[in-house]
Amino acid sequence: MPSVRKASAPRPVRTARAPLARKPAAAVVLGIVLAAGTLSGCEYTYDDGRDWSAPAEATPLPGPVFTRDPLRRDPVSEAELEGWISETLPDTPQTVVHAGAGLLGAGEVRTEATPVLGTGTYALALACRSQRRVTFTVRSDALTLVDLGLRCGVNRENVIYLSAETALTITVEARTGANFAYRVRRL
Numbered sequence: 013m014p015s016v017r018k019a020s021a022p023r024p025v026r027t028a029r030a031p032l033a034r035k036p037a038a039a040v041v042l043g044i045v046l047a048a049g050t051l052s053g054c055e056y057t058y059d060d061g062r063d064w065s066a067p068a069e070a071t072p073l074p075g076p077v078f079t080r081d082p083l084r085r086d087p088v089s090e091a092e093l094e095g096w097i098s099e100t101l102p103d104t105p106q107t108v109v110h111a112g113a114g115l116l117g118a119g120e121v122r123t124e125a126t127p128v129l130g131t132g133t134y135a136l137a138l139a140c141r142s143q144r145r146v147t148f149t150v151r152s153d154a155l156t157l158v159d160l161g162l163r164c165g166v167n168r169e170n171v172i173y174l175s176a177e178t179a180l181t182i183t184v185e186a187r188t189g190a191n192f193a194y195r196v197r198r199l
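Residues 13 to 199 (the working numbering) make up the sequence shown, in order.
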């Protein structure tokens, strides 16, 4: 019967391990970490002359220029349209040269024209109320000034410059029922 070996090679002879040498870089890093931890507890203060014991005046927050309406996106009826417009596009001190609003049916496209506007800078405020985006396109005689698919519930204001007297054509398109409102005012 053949003999069975338990190992195919003789066992190696153990030698003494070399002592581990500490690396100087590790000691430097450890020193920096300890110094940073010690200094992080320090606080720098100085007296700027204020009376901190007196109550501070509360600064009133300005009201939002435009409101967000993310939870109420269903179009309103014709009777509620004026209330929605006044809430969505609040009054401004600048002169409004043209404004428009209305209801759109699913797939409806409406095109409106402004009176002839003089040369200058204008602000165009856009708003809509629908479950889907509403597309606004504003054109002059020669250029498309705004082409925007607006997510309803978030208002948008664009600044446009007219280099010549021109009437603007405003096209509004919706895939589902929607309310829209826009306002052109001179800056």
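Where a beta carbon is used, it is the ideal one built from N, C-alpha and C, also for glycine.
Mind checking which residues open and close the alpha helix (DSSP H) that includes residue i?
i: Glu-99; result: 93-100
Terminal residues of the continuous beta strand (DSSP E) containing residue i?
i: Ala-135; result: 132-141
i: Gly-112; result: 108-116
i: Val-196; result: 190-198
i: Asp-159; result: 156-162
i: Glu-120; result: Premise fails: Glu-120 is in no beta strand (DSSP E) and is neither H nor E.
Whose C-beta lies closer than 7 Å to the C-beta of residue i among residues of the same chain, with five residues either side of it excluded?
i: Glu-124; result: Gly-112, Ile-182
i: Arg-198; result: Gln-106, Thr-107, Val-109, Gly-132, Tyr-134
i: Gly-114; result: Arg-122, Phe-192
i: Arg-195; result: Leu-101, Val-108, Ala-111, Ala-137
i: Tyr-173; result: Thr-133
i: Glu-120; result: Ala-186
Determine which residues share a DSSP beta bridge with residue i and list them.
i: Val-171; result: Ala-135
i: Thr-147; result: Gly-161, Glu-185
i: Ala-125; result: Thr-181
Taking Cβ positions, are residue i and residue j nearer each other than 7 Å?
i: Gly-161; j: Arg-145; result: yes
i: Ser-142; j: Pro-87; result: yes
i: Asn-167; j: Leu-136; result: no
i: Ala-118; j: Thr-188; result: yes
i: Arg-62; j: Gly-165; result: no
Among the candidates the options, whose CA atom is the shortest distance from the CA of residue i?
i: Leu-138; options: Gly-130, Gly-117, Thr-100; result: Thr-100
i: Leu-116; options: Thr-27, Leu-42, Glu-185, Leu-157; result: Glu-185
i: Leu-155; options: Ser-175, Ser-89, Thr-104; result: Ser-175
i: Thr-126; options: Val-150, Ala-47, Arg-29; result: Val-150
Ignore the nearest five residues each way along the sequence and tell me which others in residue i's own chain have a CB closer than 6 Å to its CB.
i: Val-128; result: Glu-177, Ala-179
i: Gly-130; result: Glu-177
i: Ala-190; result: Pro-87, Leu-116, Cys-140, Ser-142, Val-146
i: Arg-163; result: Arg-145
Given residue i, which residues of its chain have a CB within under 8 Å of its CB, disregarding the five upstream and five downstream residues?
i: Trp-96; result: Val-88, Arg-141, Asn-191, Ala-193
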